[in-house]
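K.L.:
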Amino acid sequence: MNRSYSKSSTLRCLDRVAVEVKSKFGAEFRRFSLSRYKPGKFDEFYGLILHTHNISNMDILIGYADVHGDLLPINNDDNFCKAISMANPLLRVFVQRKEEVDYNLFGTDSLTRKKKPLAGLRNDTLRKRVHLSISIPQDFRPVSSIIDVDILPETHRRVRLYKHGCEKPLGFYIRDGTSVRVTAHGLEKVPGIFISRLVPGGLAESTGLLAVNDEVLEVNGIEVMGKTLDQVTDMMIANSHNLIITVKPVNQRNNVNRSSRMSGSSGNSNDSTTSHHSLPSAHVVQNYNPEEESDEEADIIIEGCGELQSIPVKLPSSSFTSSRMNTGNLSQRLQKELTLNGSVKKNNGNILKTLSAIKAEARHSLALSRGGIEEDGTVITL
Amino acid sequence: MMKFRFRRPGNDPQREKLKLELFAFNKTVEHGFPNQPSSLAYDPKIQLMAIATKTGAVKIYGAPGVEFTGLHKEAATVTQMHFLPGQGRLLSLLDDNSIHLWEIGQKNSYSHLEEVCSLTLPGRPGFDCANSPSITRITVIMLKSCCDMACLGTEGGGVYFLDLPSLQLLDGKTLFQDEVLQSVPDDYKCGKALGPVESLQEHPTDPDKILIGYSRGLVLLWGQATHSVEDLFLGNQQLESISWERSSRTFVSSHSDGGYMVWPVNSARCKTQPLTSSIPYGPFPCKAINKILWRTSETGSPFVIFSGGMPRASYGDRHCITIMQGKLQVTLDFTSRVIDFFTVHDIDPEQEYDNPRALLVLVEEELVAVDLQTPGWPTITSPYLAPLHSSAITCSYHISNIPIKLWERIICAGKQQNPPHSTMEWPINGGKNLAPEPVHKGLLLTGHEDGTVRFWDASSVSLKPLYKLTTANIFQTEADHSESFPQSGEEEWPPFRKVGCFDPYSDDPRLGIQKISLCKYSSQLVVAGTAGQVLVMEFNDERSEQKMSLSSVDLLQDREGFTWKGHDRLTPKGGLVSFAPGFQPRFLVQCIPPAAVTAVTLHTEWQLVAFGTSHGFGVFDYYRQQAVLARCTLHPNDSLAMEGPLSRVKSLKKSLRQSFRRIRKSRVSGKKRLSPSSPASKVQEANAQLAEQAGPREVEVTPVQRRIEPRSADDSLSGVVRCLYFADTFLRDATHHGPTMWAGTNAGSVYAYALEVPSREKWTEKSAEAVLGKEIQLMHRAPVVSIAVLDGRGNPLPEPFEVSRDLAKAPEMQGSHSVLIVSEEQFKVFTLPRVTAKTKFKLTAHEGSRVRKLGLMNFPSIASDDYSENCLVCLTNLGDVHIFTIPGLRPQIRYDCIRKEDISGIASCVFTKTGQGFYLISPSEFERFSLSTRNITEPHCVVGWEGPIDHLNPVTSLCNNLQQRSPKMNQANGTHKLQSKEEYNSLGAADAVLTSHWTQRVT
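Residue numbers (this note's numbering), protein chains in the order written: chain A, 1 to 382; chain B, 1 to 1003.
1. Using a cut-off of 8 Å between C-beta atoms, extract the partners of Met-779 of chain B located in chain A.
2. State buried or exposed for His-112 of chain B, treating a residue as buried only when at least 16 other CB atoms are found within 10 Å of its CB.
3. Which residues of chain B have a Cβ atom closer than 9 Å to the Cβ of Val-95 of chain A, listed in chain order?
4. Leu-511 of chain B to Ala-528 of chain B, Cα distance in whole Å?
5. Closest to Pro-509 of chain B by C-alpha separation, out of B:Arg-543, B:Leu-434, B:Cys-519, B:Ala-595, would be which residue?
6. Could you run through the segment 222 to 239 of chain A and flag, in chain order, every residue whose CB is less than 9 Å away from some CB of chain B?
7. Using a C-beta cutoff of 9 Å, does Asp-214 of chain A count as contacting chain B?
8. Express the C-alpha separation of Met-741 of chain B and Gly-221 of chain A in angstroms, rounding to a whole number.
9. With Gln-351 of chain B as the anchor, note down where its beta strand (DSSP E) starts and where it stops.
10. Which full runs of the beta strand (DSSP E) of 3+ residues lie inside the segment 205 to 246 of chain B, going along the chain?
11. Taking the beta strand (DSSP E) that Lys-842 of chain B belongs to, which residues open and close that run?
12. Checking contacts by CB at 9 Å: is Arg-711 of chain B closer than that to chain A?
13. Starting from Gly-452 of chain A and walking both ways along the beta strand (DSSP E), at which residues does that stretch end?
14. Can you tell me where the beta strand (DSSP E) with Thr-262 of chain B in it begins and where it stops?
15. Which residues in the same chain have their Cβ closer than 8 Å to the Cβ of Asp-733 of chain B, if we skip the five residues on either side of it in sequence?
16. Is the CB-CB distance between Leu-48 of chain B and Val-66 of chain B below 9 Å?
17. Ordered along the chain, which non-local residues of its own chain (more than five positions away) have a Cβ less than 6 Å from that of His-82 of chain B?
18. Is Leu-878 of chain B helix, strand or coil by DSSP?
19. How many Å lie between His-398 of chain B and Gly-532 of chain B at the Cα?
20. Name the chain A residues whose beta carbon is nearer than 9 Å to that of Arg-850 of chain B?
21. List the DSSP bridge partners of Trp-294 of chain B.
22. Quick check: the Cα distance between Glu-938 of chain B and Lys-828 of chain B, rounded to an integer number of angstroms?
23. Which runs of the beta strand (DSSP E), 3 residues or longer, sit entirely within the segment 511 to 592 of chain B?
24. Write down the C-beta distance between Val-184 of chain B and Leu-232 of chain B rounded to the nearest angstrom, noting that I regard them as a contact closer than 8 Å.
25. Could you give the distance in angstroms between the alpha-carbon of Arg-1025 of chain B and the alpha-carbon of His-737 of chain B?
26. Does the beta carbon of Leu-72 of chain A sit closer than 9 Å to a beta carbon anywhere in chain B?
27. Which residues in the same chain as Lys-22 of chain A place their Cβ atom closer than 8 Å to its Cβ, once the five residues preceding and following it in sequence are excluded?
28. Is the shortest distance between the beta-carbon of His-567 of chain B and the beta-carbons of chain A less than 9 Å?
29. Rounded to whole angstroms, what is the Cα-Cα separation between Leu-210 of chain A and Leu-878 of chain B?
30. Near Cys-286 of chain B, what residues of its chain come up, given a Cβ to Cβ distance below 7 Å and the 5 sequence neighbours on each side ignored?
31. Within the same chain, show all residues whose beta-carbon is closer than 6 Å to that of Glu-218 of chain A, passing over the 5 residues directly before and after it, in chain order.
32. Is there at least one Cβ from chain A nearer than 9 Å to Thr-844 of chain B's Cβ?
33. Is Pro-703 of chain B close to chain A? Criterion is C-beta to C-beta, closer than 9 Å.
34. Looking at the unbroken alpha helix (DSSP H) that takes in Ser-46 of chain A, where does it start and where does it end?
35. Here's the rule I'm using: 16 or more other beta-carbon atoms within 10 Å means buried, otherwise exposed. How should Gly-171 of chain A be labelled?
36. If you run the structure through DSSP and keep just helix, strand and coil, what is Met-741 of chain B?
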């Protein structure tokens, strides 16, 4: 985190250079300032917001009030720059938990208090049209992606299916078959594994990235050549939480044309729209990042201890001074952790209810993600 | 993706060298009784016995520890075998009509068996089909006593001669039936052929003469030198076999009508009537006497020993061998078919009598030896070829390093159980066992279907039975009343005597043993069975009478909506029950519902036993006799768990259910879907999904396809408890360690309990308590097959009493402990007490194979005496063995061990702690293998015979140059074999002197 954003820097005197930021999260306000000319990147700003509000493990949406009094999102470098440049001189920032966001608030008429009746009509026609279609990629749950386009031959396609938290079945079947390979002895028939069936409505079918008779070449980076159908089945099931299959599509007409400008994997926001259009089949095109492996399944550890009823909560030993943490906040955080885990579906924010349920029936009970515990050091003992 | 690229094992040359010093895969020896034996041979000169099987395996046995194994390249039935006496050579005949010559060769001063050459008799192609048997099909082989020639009797009635050991057909000498027929009187011929050659016997005193018996009944004495018929015996009964009397004055023939005849051999050229003729089990029609032996004895009448001949109607289904000597007669009654038999007798031509010492009978499921010198003809206990499968093996368990005290007590109890009937030494004692006396005693325990646990000495090459524990006598069973076979056979005819111990029939399947756990230091044992019975036993040197104390533990814990539909529990006997010295029950815990016990573990220091079934697990304090813990692991949706293992309804019900679903689904599919949140629609969806699961097979017949879907949380039988484990470790906090109990289920759940075990002094005041400490749900939900706690140094924790008795180093309690949790798909090491993942290896994701068996083993280095490593060894469903470091979980090496199709072999595999393993290669045989360079148990033996033979035969020297390996050795991993060899060479050097001076042993 860039310390230059720290609120300790006293830039207030330099009115022209500094943009005063007033950030509101729930009932809490934070004030700090940013350089108007070197605002930095959005990611840094996002980190700063989390940092100052001491909500480092939350997913949030950041919005600001523009000159017209509309609540507009800050979610990339462009609109962040715009927000800074428009600040006059105060930039009012609104932070919301992602789960709680009411998207209706965004856009026109969002901050009615400040709004002048006709102000919106002037230049917001464009925005109105966009209102429904604008979406922040992070707001969508990815279900599949094409990855490693840059390193694979054009005839192959590496598809990642995101099963986690998804109600849909993966929904495909594989079979034995033979494929023709070019070898030193000319063309040769070799045994191969093929997709034999897609279940209607299943994840595999709905992505449009896999088709019947596609040959499966790799499963999560491991070649299937020489492996039996049962072995490949077991490999796929073992990787089902994050399945990456490299296929040789039976239909080679939809292949990514490498010579074109497009690079679906660049992840650059500038051409993200083009990549969307050039790959209509992909719901979300996203670069595969090896570090993302960390999102891999975390085993659930339930700390259990027969008799104890109290819930001692160790606060995170962070260096931040702001520690006005009310119980509502804690319960929200707990709830979030619970929800993230996906194993507790029925909790409705009432932490005590949840906790009492744990004692009675540990199986359906509080399940804290191990990652969550590690990150902020919270230990919960029941 | 990147991750996989980085995971490539580093080629650190030092580590590679170390691996070679630690690991080597060898299949070493096969224990038990050869499956489906088909023939038997005996070499009276060097006292070796050979058994061959329907799969083409040849096994040679001599003195205990002297064993050779060979395998014909063709997997055909071995129909006959004959030793070339005194030469260490063996001739085998396969049912594809090929003859093979085997030789016991010497290599590295150890003997081994190898095939030297083979021959197929040229048949007539046109006739070589099923309904017209080839005339050159060999029916019988006879070796001349001088061993330079073999005579082959054929289906067509011709007798061929074969030079030995070159297996060259001596064309000019062939004796065709036409030639014989010229000498046969016309009234006997009646224009009919003589039929196939049934028997060939060399004249006891004149090697030039051969007795040839034809199927139709004709027997003739053929002079080879004169090429003429010297004697004719015109039998009219269909011939089965013939046997000379030692003096060569008479011979005996056995026939298909159940009779035998004694013929005189004298100057009269043609005999039409035998001296005597009798049908021992007449007068009603009898079955054929397949083989008969006539052995003279100095002390009395000659022995007549024959197989078969039983009265067809009343005892036609018995498998019998009759021994007759004068008026004495015993009908040995076997439980399986008689394959062949021979006697061990005097072969010294100077002696006047045979004086048979022992009769060895090979039946389909065991080998039985009878002492013919002791009155009453008792059986002799065999030192090898143990009938492991006398009742089907249901589980096995190995403990290494048995304290000598317990070892002796077990042996003593076993002797009292089975007092030796005969004082005779094992009569087959050829060869010399050079393997050093095993340093450590290893016990292999096999649980059987009939409720017995057999204790085997697994320390050396021959697996010897030590002791048999019976649990059936604790319970009331129907078979209680007719236990003993009626022995008051005064008026009974025939005089049957049950011999052998193969008894495949189980009185009650509920008695079957499922899990065993033995504490070698406290001599306590837990045996758990099919009907949820958990027996805690303790060794007692004295006979005792006691009343069974029993307690039941309800594992359902009042879970609603479950009704057990399986078998009832076993009822223990009321009143006092008498127990022989050995393991005697101390307490019986009965699981409710009485489902088969799936996991059991024992901690004798804490006096706790833990057990699990498909419904849950419990911990029982057998000292205070009270339950400490019971936990239900059933998933609410799991109804299959209640059906019981013996239910045949299960599969039928399931398939019915699925077909109904399919119908329902087809009806539903047309209608619009309900809103996805309603429970009704979820049920429907689930049903539809299930129907789909079963569907595609029927819809698309070809090809086979597999569904790719992650394991769901409510798969059936998810509650099965797969492993239980006691450990003294840090569960609640990092400063206080204490007793813990761990349980893992089929659904990937791990439960860890902190136990409050009162100290010895307060044992009577306080009771043990269990508090749930941690629950871990593995997200991949694969069955948890093993749990082990590693100490601060990464070593597995010692067993109970090992530390307190100074038998093991105390575990490192300072550094942080970690727990190794192994599921069918992954290995994971978590830190304790926080349970954060430290290392892992995703086997299934990488290899596509699943964990079937697991062991923590210690591998001592072959290069250095004080270096060893603890490793994780796993056998996968593909039959390969992987070795991993702990706690780093780095893959070290992989060996192919078992064919992946051999599911029962994989399921039966058991590892020792010292780098060896066993698995069943047939219902009756354990293959032993070793993964360690240091701990190898394999036969090291020599067989000696008269020196000159070797340079007489060019064949031998030729094959010595070939440096052929026996098939057994070919299976071994070649690269690592070398390592172990070196050790043997140094070891064998000392024996070389011994071997060279070792000559023929003739009694």
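Positions of the beta carbon are idealized from the N, C-alpha and C atoms, including for glycine.
P.N.:
Let's see:
1. Ordered by position in chain A, the residues that pass the 8 Å Cβ test against Met-779 of chain B are His-241, Glu-297, Ala-298, Asp-299, Ile-300.
2. buried
3. Here the premise fails: no neighbours, minimum Cβ distance about 31 Å.
4. About 9 Å.
5. B:Ala-595
6. Ile-222, Val-224, Lys-227, Thr-228, Leu-229, Asp-230, Gln-231, Val-232, Thr-233, Asp-234, Met-235, Met-236, Ile-237, Ala-238, Asn-239
7. no
8. 38 Å
9. No beta strand (DSSP E) contains Gln-351 of chain B, which DSSP labels as neither H nor E.
10. 209 to 214, 218 to 223, 228 to 234, 239 to 244
11. 837 to 842
12. By this cut-off, Arg-711 of chain B is an interface position.
13. Here chain A has residues from 1 to 382 only, and residue 452 of chain A is not among them.
14. Note on identity: in this sequence residue 262 of chain B is Val, with Thr being the wrong assignment. Note, Val-262 of chain B: beta strand (DSSP E), 260 to 264.
15. Around Asp-733 of chain B: Pro-833.
16. By the CB criterion at 9 Å, Leu-48 of chain B and Val-66 of chain B fall inside the cutoff.
17. Ala-41, Leu-91, Ile-141, Leu-143
18. coil
19. 22 Å
20. Asp-234, Ala-238
21. B:Val-304
22. 35 Å
23. Annotation: the segment 511 to 592 of chain B contains the following complete segments of the beta strand (DSSP E) (minimum length 3 residues), in chain order: 513 to 519, 524 to 529, 533 to 540, 544 to 547, 550 to 554, 576 to 579, 582 to 592.
24. 7 Å
25. It is not possible to answer for residue 1025 of chain B, since the shown part of chain B is limited to 1 through 1003.
26. no
27. Phe-29, Arg-30, Arg-31, Leu-90, Leu-91, Arg-92, Val-93
28. no
29. Each residue's alpha carbon lies about 29 Å from the other.
30. Asp-257, Gly-258, Ile-279, Gly-309, Met-310, Pro-311, Arg-312
31. Thr-246
32. yes
33. yes
34. The sequence shown places Tyr at residue 46 of chain A, rather than the Ser named in the question. For Tyr-46 of chain A, the enclosing alpha helix (DSSP H) begins and ends at 42 to 53.
35. buried
36. strand
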